[in-house]
Amino acid sequence: MMIVVTGATGSIGRALIDTLRGEEVVAVVRRPVDLGCEYVLGDFDRPETIGKVLSAGDRLFLNSSLWPGVVTAQQAVIDLAREAGVAQVVSVSVRDARPGAPLGGGAHGEIDAHLRRSGLPWSILEPTGFMQNLLADVREGRFYGAYGSAKVNYIDTRDIADVAAALLTRPVGADATYVLTGPESPTHAEIAAAITAALGREVSYVDLPIPEMAAHAERRGLPGPVALEFATLMAEMGDARWSSLTSTVEEVTGRPPRTLATFLADHATAFHP
Ligand SMILES: NC(=O)c1ccc[n+]([C@@H]2O[C@H](COP(=O)([O-])OP(=O)(O)OC[C@H]3O[C@@H](n4cnc5c(N)ncnc54)[C@H](OP(=O)(O)O)[C@@H]3O)[C@@H](O)[C@H]2O)c1
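Residue numbering for the sequence shown follows the numbering used here, starting at 209 and increasing by one per position.
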């Protein structure tokens, strides 16, 4: 029985590989990389390259970033997992995923629906936004959004990995969806103050109207329509949809999720200078 980890080079995947030291693990990666564990080359765009890694009784961690072909690709890997007799799929979705939801929520909703009706034992992780996003977002002492003064939850991807590790190493439980949050839901002004304190230099949050935020996201590389959807979703957070907390991380792992202060202390040198 192997634990097969896809998306192993991402921020959840690397933390998961670290947590699973001592277990029988194989990472699926697109190019050779030293993760300190066995790896095979595989690409979701060629699902059979992942399917051939899977054997009866394996546990599969299903995770990748999003691209236009992700729904078809992940659904095909789910079908191959069922054919192989995989014992359990633990997948990474997003809070409030459902078909037709904005941004990644729609794609995840379609993948999740396919997994739930696959006949495979499943655990679907629905995390809020990642604290690790801040590492890319903070540039020249600023980061941008359209959240206003909304309280928004963020989670450290190491906690998502810890939940996944627990689910992948204990006996397969009942099918379930796990909504994962961090322990607090700050405003973005409060996040900026916390970063300023942790880095010892001024970092400010710049709140923009939706069209200007969309233009900013487009300059950062998002296609126009996606950038607009992204900015609109940020502004909709004012209804507090991502502010409530769950106790799921602690219930599954036995300890509370990491605070923003802990994330910042552990990553202070990883921010752009
Ligand atoms: N970011 C957030 O705030 C957030 C919040 C909630 C949920 N999520 C969800 O969390 C998941 C991971 O998010 P992320 O983008 O932040 O991950 P990430 O850390 O950027 O990692 C993505 C991983 O997917 C792999 N990958 C991408 N395309 C692949 C392909 N065609 N075949 C094989 N591997 C592929 C990447 O491998 P390479 O190293 O080869 O590129 C990498 O290991 C996504 O499903 C996202 O929707 C994200």
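Even for Gly, the Cβ is constructed at its ideal location relative to N, Cα and C.
Keep in mind the model is a prediction, meaning the values are calculated, not measured.
Locate the alpha helix (DSSP H) running through glutamine 296, then write down its first and last residues.
Here glutamine 296 belongs to no alpha helix (DSSP H); instead the beta strand (DSSP E) covers 296–300.
Going by beta-carbon coordinates alone, are aspartate 364 and phenylalanine 471 separated by less than 9 angstroms?
For aspartate 364 and phenylalanine 471, yes; Cβs fall inside 9 angstroms.
If distances are taken between C-alpha atoms only, which option among Leu249, Val241, Arg238 and Val212 comes closest to glutamate 231?
That would be Val212, whose Cα lies nearest to the Cα of glutamate 231.
DSSP three-state call for proline 335: helix, strand or coil?
Three-state DSSP puts proline 335 in a strand.
Are the CB atoms of valine 457 and leucine 388 within a distance shorter than 9 angstroms?
A contact, by the Cβ cut-off of 9 angstroms.
Buried or exposed for glutamate 318, going by 16 or more other Cβ atoms inside 10 Å?
It counts as buried.
To test your reading of the DSSP string, which unbroken beta strand (DSSP E) runs of 3 or more residues are found completely within the segment 243–295?
You should have 246–249 and 267–270.
Is it a yes or a no for the segment 273–290 touching the segment 247–263, going by three-plus beta-carbon pairs under 8 angstroms?
The answer is yes - the segment 247–263 touches the segment 273–290, with three or more Cβ pairs under 8 angstroms.
Please find out if some non-hydrogen atom of ligand 1 comes closer than 8 angstroms to the beta-carbon of leucine 274.
Yes, since a heavy atom of ligand 1 falls inside the 8 angstroms radius drawn around the Cβ of leucine 274.
Would threonine 477 be called buried (16 or more neighbouring beta carbons within 10 Å of its own) or exposed?
When all chains shown are included, threonine 477 counts as exposed.
At a cut-off of 8 angstroms, is glutamine 283 close to ligand 2 when judged by its beta-carbon and the heavy atoms of the ligand?
Looking at this structure, you won't find ligand 2 anywhere; what it does contain is ligand 1.
Thinking arginine 324 and tryptophan 450 are a contact (beta carbons under 8 angstroms), I'd like their distance in whole angstroms, please.
Rounded, the Cβ-Cβ distance is 23 angstroms, inconsistent with contact.
Can glycine 317 be considered in contact with ligand 1, in the sense that its beta carbon sits closer than 8 angstroms to one or more heavy atoms?
It does not: the Cβ of glycine 317 is nowhere closer than 8 angstroms to a heavy atom of ligand 1.
Compute the Euclidean distance between the alpha carbons of alanine 223 and valine 380, then round it to the nearest angstrom.
So the two alpha carbons sit approximately 21 angstroms from each other.
Using the DSSP secondary-structure output, state which residues sit across from tyrosine 355 in a beta bridge.
DSSP, once it has assigned bridges, lists no residue as partnering tyrosine 355.
Which residue wins for smallest C-alpha separation from isoleucine 258, given the options Glu246, Gly244, Ile220 and Val237?
Comparing Cα positions, the closest option is Val237.
On the three-state DSSP scale, how would you describe serine 219?
Three-state DSSP puts serine 219 in a helix.
Is isoleucine 220 a contact residue of ligand 1, with contact defined as CB to any heavy atom under 8 angstroms?
Indeed, a heavy atom of ligand 1 lies less than 8 angstroms from the Cβ.
Need the endpoints of the beta strand (DSSP E) that threonine 385 sits in, please.
Here the beta strand (DSSP E) through threonine 385 covers 384–388.
With a threshold of 9 angstroms between beta-carbons, can arginine 466 be considered close to chain D, or not?
The question asks about chain D, but that chain is absent: this structure has only one protein chain.
Under a Cβ-count criterion, where at least 16 other Cβ atoms within 10 Å of its own Cβ denotes burial, should aspartate 367 be classed as buried or exposed?
Buried: at least 16 other Cβ atoms inside 10 Å.
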